[in-house]
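Working notes, beginning with the structure itself.
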Ligand code: PLP
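In the UniProt record's numbering, the protein residues as written are 6 to 462.
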């Protein structure tokens with residue numbers, strides 16, 4: 006076939022994730038065929054700024070030869086061997102050493118998987134095994150946050166605090182509970198100070214733990230800055246207050262750094278940016294800049310040692326994937342981390358992020374329908390409201406954010422509508438230039454104007 010009709014073939018054969026399938030059958034796909042830096046090209050030659058780095062993940066940008074070469078070298082040297090029992094391959098060992106050296110708090114071991122979702126499943130098993138090993142098998146419940154996003158496997162979808170991802174699947178599983186999101190626009194009273202808001206959120210968590218019984222609660226899972234749930238940045242002092250509650254009731258903290266890990270918030274890890282002291286850290290996405298799927302659970306010495314000691318009672322840690330510690334993924338990760346360090350991309354994410362927030366303020370702060378502009382480092386969001394005072398949501402059937410995203414595409418910009426938040430988000434590759442930041446925001450502003458004009462018409 007010379008020029009396959011990709012749209013037709015897609016509609017005929019490909020089952021897309023997260024898609025209104027009937028609409029897709031009518032409208033077909035957008036087929037991306039090429040990428041360079043922050044730019045993508047579709048199969049009709051149209052070019053777009055990728056304002057989302059794929060799904061918050063292509064942090065070093067598209068077209069990095071160094072990563073492609075590392076993947077090629079590993080594939081021809083040793084594409085695969087497993088890491089079950091005492092088998093190992095060389096590259097994942099070197100990557101594990103690197104990650105433990107980089108970790109934001111003292112950590113001990115890394116368990117590799119292939120997606121953020123499976124890593125969060127593994128975290129739950131680690132918490133359970135840890136508590137079984139300590140003779141506290143009843144400490145099973147996991148507390149997540151409303152609007153938190155942790156993945157879509159049966160366990161991680163349960164942790165995800167979005168009812169829309171539960172309906173249709175009989176989820177969540179019964180051991181999951183949710184606490185309040187640190188979402189100032191909707192959860193704080195007008196004028197509430199950071200200190201008062203933090204105290205309220207810590208109290209909500211403590212009340213939940215007490216209501217459930219602390220002897221039944223194993224861990225809390227939180228993204229340093231909530232991503233898909235709306236780019237929600239907690240108030241000052243939040244994680245210190247949360248950690249104090251968890252320490253009081255012997256509850257572990259899992260930091261889901263799938264988005265924030267490896268530079269997105271302007272520090273190597275989001276835990277550092279947000280003063281978070283986790284016992285377990287989940288990483289994925291930015292670890293390879295998505296060139297190859299890879300995830301990791303980074304485990305503290307306390308959890309690791311308890312698990313090792315527990316094996317005499319519980320037997321081997323019976324968990325692992327065929328692709329755990331995959332050498333190709335590890336080679337891609339090592340090359341990716343080298344680029345991030347050699348090119349100073351974490352500092353660049355911080356400085357381009359500062360510029361992006363400045364431009365977002367200039368473009369949107371005075372807008373009558375903008376409720377909040379928020380973010381941290383190189384991740385940002387703009388939330389639209391029907392009325393500012395008191396903050397009032399749009400009628401959801403208007404699908405404001407979805408329409409803006411569509412209008413942005415016509416301007417040559419890929420951004421993302423966050424579910425049920427009337428929010429559009431920005432999370433471009435760290436290699437974005439100053440001019441491209443300005444272009445991204447001006448295209449977004451044009452798209453917003455288009456949709457707002459339609460609304461008043
Ligand atoms: N955790 C967070 C914070 C995420 O943003 C995501 C994906 O967006 C996941 C977990 C799930 O990762 P994956 O899609 O690789 O399963």
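Every residue gets a Cβ at the ideal spot worked out from N, C-alpha and C, and that includes glycine.
Next item on the list: Could you tell me whether the Cβ atoms of residue 124 and residue 301 are closer together than 8 Å?
Entry: Residue 301 sits close to residue 124, with the two beta carbons spaced by under 8 Å.
Notebook entry, point to check: So who's on the other strand from residue 117, going by DSSP bridges?
Noted result: Residue 117 pairs with 301.
Note to self: Helix, strand or coil, according to DSSP, for residue 286 in the structure here?
What the structure shows: Three-state result, residue 286: strand.
Check: When every heavy atom of the ligand PLP is checked, does at least one fall within less than 7 Å of the C-beta of residue 432?
Finding: Not so, every heavy atom of the ligand PLP lies at least 7 Å from the Cβ.
Note to self: Between 407, 389, 107, 360, which has its C-alpha nearest residue 275's C-alpha?
What the structure shows: Taking the Cα of residue 275 as reference, the smallest distance to any Cα among 407, 389, 107, 360 is reached at 107.
Check: Quick one: what does DSSP say residue 135 is sitting in, helix, strand or coil?
Finding: Helix at residue 135.
Margin query: To the nearest angstrom, how far is the alpha carbon of residue 307 from that of residue 409?
Written below: Cα-Cα distance, rounded: 47 Å.
Checklist line | Whole-number beta carbon distance between residue 186 and residue 237, since they are thought to touch under 8 Å | finding: At roughly 6 Å, the Cβ-Cβ gap stays under 8 Å, so residue 237 and residue 186 are in contact.
Next item on the list: Determine the burial state of residue 324: buried for a count of at least 16 other Cβ atoms within 10 Å of its Cβ, exposed for fewer.
Entry: Exposed, since its Cβ has fewer than 16 Cβ neighbours within 10 Å.
Next item on the list: Could you round the C-beta distance between residue 143 and residue 221 to whole angstroms and report it? I think they count as a contact, below 8 Å.
Entry: That belief holds up - the Cβ atoms of residue 143 and residue 221 are roughly 6 Å apart, short of 8 Å.
Notebook entry, point to check: Hey, would you say the C-beta of residue 60 is under 7 Å away from at least one heavy atom of the ligand PLP?
Noted result: Between the ligand PLP and the CB of residue 60, the shortest heavy atom gap is smaller than 7 Å.
Checklist line | Beta-carbon proximity list for residue 453, same chain, < 6 Å, skipping 5 on both sides | finding: For residue 453, where only same-chain residues beyond five positions count, the Cβ hits under 6 Å are 409.
Notebook entry, point to check: Residues in its own chain within less than 6 Å of residue 24 by CB, not counting five upstream and five downstream?
Noted result: Contacts found: none.
Check: CB of residue 125 to nearest heavy atom of the ligand GDP: below 7 Å?
Finding: Of the ligands this structure carries, namely the ligand PLP, none is the ligand GDP.
Next item on the list: Check residue 44 in the structure and name its three-state DSSP category.
Entry: In this structure, residue 44 counts as strand in the three-state DSSP scheme.
Note to self: DSSP three-state label for residue 216, please.
What the structure shows: It is helical.
Margin query: Would you say the beta carbon of residue 166 is closer than 7 Å to some non-hydrogen atom of the ligand PLP?
Written below: Not under cutoff, so the answer is no.
Next item on the list: Just mark residue 299 as buried or exposed, buried being the case when its beta carbon has 16 or more other beta carbons within 10 Å.
Entry: Note on residue 299: 16 or more other CB atoms within 10 angstroms of its CB, so buried under the neighbour-count rule.
Note to self: Looking at residue 390: is its Cβ nearer than 8 Å to the Cβ of residue 398?
What the structure shows: Between residue 390 and residue 398, the C-beta spacing is below 8 Å.
Next item on the list: Report yes or no: do three or more beta-carbon pairs, one from the region 93–113 and one from the region 334–348, lie closer than 8 Å?
Entry: Judged by Cβ distances under 8 Å, the region 93–113 makes contact with the region 334–348, as three or more pairs qualify.
Item checked: Per-residue burial, residue 439 [other beta carbons within 10 Å of its own, 16 or more giving buried] -> Looking at its Cβ environment, which holds fewer than 16 other Cβ atoms inside 10 Å, residue 439 is exposed.
Item checked: Neighbourhood of residue 272 by C-beta distance below 6 Å, restricted to the same chain and skipping five residues each side -> Once the five neighbours on either side are set aside, the close Cβ partners of residue 272 are 278.
Next item on the list: Quick one: measure Cβ to Cβ for residue 434 and residue 68, integer angstroms, because I've assumed they're closer than 8 Å.
Entry: No, residue 434 and residue 68 are not in contact; Cβ-Cβ is about 10 Å, not under 8 Å.
Notebook entry, point to check: Any heavy atom of the ligand PLP closer than 7 Å to the Cβ of residue 261?
Noted result: For the ligand PLP, at least one heavy atom lies less than 7 Å from the Cβ of residue 261.
Check: Hey, would you say the C-beta of residue 326 is under 7 Å away from at least one heavy atom of the ligand PLP?
Finding: No, since every heavy atom of the ligand PLP falls outside the 7 Å radius drawn around the Cβ of residue 326.
Note to self: Let me make sure I understand the geometry here. Which of 402, 227, 59 has the alpha-carbon closest to that of residue 154?
What the structure shows: Here the closest residue by C-alpha is 227.
Item checked: Buried or exposed by the 16-neighbour rule on C-beta atoms within 10 Å, applied to residue 239 -> With 16 or more other Cβ atoms inside 10 Å of its own Cβ, residue 239 counts as buried.
Margin query: To the nearest angstrom, how far is the alpha carbon of residue 249 from that of residue 243?
Written below: Each residue's CA atom was taken as its position, placing residue 249 and residue 243 some 10 Å apart.
Note to self: Between residue 224 and the ligand PLP, is there a pair consisting of the residue's CB and a ligand heavy atom that are separated by less than 7 Å?
What the structure shows: No, since every heavy atom of the ligand PLP falls outside the 7 Å radius drawn around the Cβ of residue 224.
Check: For residue 276, is the beta carbon positioned less than 7 Å from some heavy atom of the ligand PLP?
Finding: Of the heavy atoms belonging to the ligand PLP, none sits nearer than 7 Å to the Cβ of residue 276.
Notebook entry, point to check: Roughly how many whole angstroms lie between the Cα atoms of residue 208 and residue 192?
Noted result: Going by the C-alpha atoms only, they are around 13 Å apart.
Checklist line | DSSP three-state assignment for residue 202, whether helix, strand or coil | finding: In this structure, residue 202 counts as helix in the three-state DSSP scheme.
Check: For residue 394, does the three-state DSSP call read helix, strand or coil?
Finding: Residue 394 falls in the coil class under three-state DSSP.
Check: For residue 235, which option in 417, 422, 16, 459 has the closest C-alpha, if you only look at C-alpha atoms?
Finding: Ranking the options by Cα distance to residue 235, first place goes to 422.
Notebook entry, point to check: Which value, in whole angstroms, describes the spacing of the CA atoms of residue 88 and residue 224?
Noted result: Their Cα atoms are separated by approximately 27 Å.
Next item on the list: Just the C-alpha distance for residue 113 and residue 283, rounded to the nearest angstrom, thanks.
Entry: Between residue 113 and residue 283, the C-alpha separation is close to 13 Å.
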